[in-house]
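These notes are about the structure you will find just below.
Number of protein chains: 2
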Amino acid sequence: MLTRSYDPRKVGLALQYVQLTITEGEISMSVRVDLNISLDGYATTEGGTPDNPMGEDWNKLTAAYVATKTFREWVLHDTSGNGTTGVDDRYGAEYFEGVGAEIMGAGMFGFHTFPDDPDWKGWWGEEPPFRVPVFVLSHRLRDSIDLPGGTTFHFVSATPREVLERATAAAGGKDVRVGGGVSTVREFLKAGLVDQLHVAIAPILLGRGINLWGELRAFEVGFAVRTETAESGTVHITFLRPS
Amino acid sequence: MLTRSYDPRKVGLALQYVQLTITEGEISMSVRVDLNISLDGYATTEGGTPDNPMGEDWNKLTAAYVATKTFREWVLHDTSGNGTTGVDDRYGAEYFEGVGAEIMGAGMFGFHTFPDDPDWKGWWGEEPPFRVPVFVLSHRLRDSIDLPGGTTFHFVSATPREVLERATAAAGGKDVRVGGGVSTVREFLKAGLVDQLHVAIAPILLGRGINLWGELRAFEVGFAVRTETAESGTVHITFLRPS
Chain A
0 MLTRSYDPRK VGLALQYVQL TITEGEISMS VRVDLNISLD GYATTEGGTP
50 DNPMGEDWNK LTAAYVATKT FREWVLHDTS GNGTTGVDDR YGAEYFEGVG
100 AEIMGAGMFG FHTFPDDPDW KGWWGEEPPF RVPVFVLSHR LRDSIDLPGG
150 TTFHFVSATP REVLERATAA AGGKDVRVGG GVSTVREFLK AGLVDQLHVA
200 IAPILLGRGI NLWGELRAFE VGFAVRTETA ESGTVHITFL RPS
Chain B
0 MLTRSYDPRK VGLALQYVQL TITEGEISMS VRVDLNISLD GYATTEGGTP
50 DNPMGEDWNK LTAAYVATKT FREWVLHDTS GNGTTGVDDR YGAEYFEGVG
100 AEIMGAGMFG FHTFPDDPDW KGWWGEEPPF RVPVFVLSHR LRDSIDLPGG
150 TTFHFVSATP REVLERATAA AGGKDVRVGG GVSTVREFLK AGLVDQLHVA
200 IAPILLGRGI NLWGELRAFE VGFAVRTETA ESGTVHITFL RPS
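Written as structure tokens, this is what we have:
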């Protein structure tokens, strides 16, 4: 394995404490995944329209996260202080903490929106929320893109293991996140490369999209599991690989 | 609809209070479902062996429930007082409260174990835990069976709506539970006949069995949802149809 995760004696303690031990250098980097899924396991951007490009399913999946103070600050650049500050926001803040590099599929970058425009910089805006090197898996190679705030998009055609080596080197000892989409995440899960899987489950049934869970029987073996519910009704489940 | 469920003003209040209002007669009967499922939506008794007839998957699915004080008392007739008394036990106690009749599929009764033995009384033992009239859906009709403790098994060949009418009449104003298995429950869910769906989700991935969630897109619309986590890591999600 490329990574080591938490001391099993500490798993289950409060998040703040886990992060403290990271700061103290007791724990080396992890490969992390965080996804919003439905109760039936789907994430999707199906059903988009010009007015609602991500689709109503996506809006329902992410409503509790989008409402958080952290999302509003980091993604929408809303510094008014508005937004929820409960359990969902704690996970939202954790999302951005301790990550030194990101890996994503071509779809998450937004390649498919303007496939023939060499100047298209993805749909993450002029100041993307990642603020770290981002490795975009694509057979369509092009020059890296530097954007304000610290995000650099690199385009690579590689296996999950190969791109993870590049991202780990770029992360400088911090964690690497496999950001999405679901198909990309599933490749890393099935290859056994993920040390921490956090799903935020909206209690809705979508019945369409890409299912996260297929062919992952007994994934939980060897992981500690933390379950928690938020004020919004969202269920947070985290699988942590002990070191 | 045959049924009415909770006053929407009361949804989300503590379970004890909801049950109090039932006792006071403010709320009429509900059709209830309670199932143990995996994170990927499966319930199953696949993989059984002579030594372990329900299979290891079933044992993992139900481990937290089987450990409760209520299960030990009601199902195993263990009056020692042993067993867990936390959130899982509270749901376990709720399972048996306020139910006046039960509906189950032939498989849950145990028809398939000794299909040709007219004296076979199912695998629920000499004193089954239901203690109410139980309507077993089967094309194999036979005489009703009275057992100690108040359980009577009736065998009926009928549609979900027809058997629900019979069970409702037998329940005397109390709730009717559709007990299982998953295929039977899915028929009632898809027909819109269920007022309260409670799933106890074990944070494990089975990847095989019968999936509860297929073809139930947007089931949650029109239901209030309550999510809660237990000390065991089990996630309890309840969909309640407001009256």
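In the order they appear, the protein sequences are chains A and B. When we follow numbering that gives the first Met the number 0, the leftmost residue of the first sequence carries the number 0, and every step to the right adds one. When we follow numbering that gives the first Met the number 0, the leftmost residue of the second sequence carries the number 0, and every step to the right adds one. Cβ atoms here follow ideal geometry from the backbone N, Cα and C, with glycine treated the same way.
- DSSP lists N210(B) as the beta-bridge partner residues of Y41(B).
- Rounded to the nearest whole angstrom, the CA to CA distance from T112(B) to G121(B) is 8 Å.
- When 7 Å is used as the limit between beta carbons, P202(B) is near these residues of chain A: E219, V224, T226, I236, in chain order.
- Between W119(A) and chain B, the shortest Cβ-Cβ separation is not below 9 Å.
- Counting other Cβ atoms within 10 Å of its Cβ, N210(A) reaches 16 or more and is therefore classed as buried.
- DSSP, read as helix, strand or coil, puts P52(A) in coil.
- For the 9 Å CB-CB criterion, P147(B) and E125(B) form a contact.
- For G178(B), the three-state secondary structure derived from DSSP is strand.
- For the segment 80 to 160 of chain A, the full-length alpha helix (DSSP H) segments reaching 4 residues or more read 86 to 95, 105 to 108 along the chain.
- In the structure shown, R185(B) adopts helical secondary structure according to DSSP, grouped into three states.
- Contact annotation for R216(A) against chain B: L204, L205, G206, R207 [CB-CB distance below 8 Å, chain order].
- Taking a Cβ-Cβ threshold of 8 Å, none of the residues of chain B is close to W57(A); the smallest such distance is about 15 Å.
- Rounded to the nearest whole angstrom, the C-alpha separation of T151(A) and V133(A) is 6 Å.
- The three-state reading of DSSP puts V65(A) in helix, counting H, G and I together.
- The segment 91 to 103 of chain A makes contact with the segment 66 to 79 of chain A: 3 or more CB pairs, one atom from each, lie closer than 8 Å.
- Taking C-alpha positions only, Y41(A) is separated from F108(B) by approximately 33 Å.
- Taking C-beta atoms as the reference points, T43(B) and W57(B) count as a pair closer than 9 Å.
- Contact of D33(A) with chain B is not assigned, every C-beta pair being separated by 9 Å or more.
- Under a criterion of Cβ atoms nearer than 8 Å, the residues of chain A adjacent to W212(B) are, in order, L38, D39, G40, L204, G206.
- Going by beta carbons, V234(B) and I36(A) fall outside the 9 Å limit.
- No Cβ-Cβ contact shorter than 9 Å links V220(A) with L239(A).
- Between P202(A) and V184(B), the alpha-carbon positions lie close to 19 Å from each other.
- In this structure, T167(B) and M53(B) do not form a Cβ contact; the two beta carbons are roughly 30 Å apart against a cut-off of 8 Å.
- Rounded to whole angstroms, the separation of the alpha carbons of L205(B) and L192(B) is 28 Å.
- Around G232(A), the beta-carbon contacts reaching into chain B at under 7 Å are V224, T226.
- A distance below 6 Å between beta-carbons, with the five flanking residues on each side excluded, links H197(B) to the following residues of its chain, in chain order: D33, T237.
- In the three-state scheme derived from DSSP, where H, G and I count as helix and E and B as strand, L60(A) is classed as helix.
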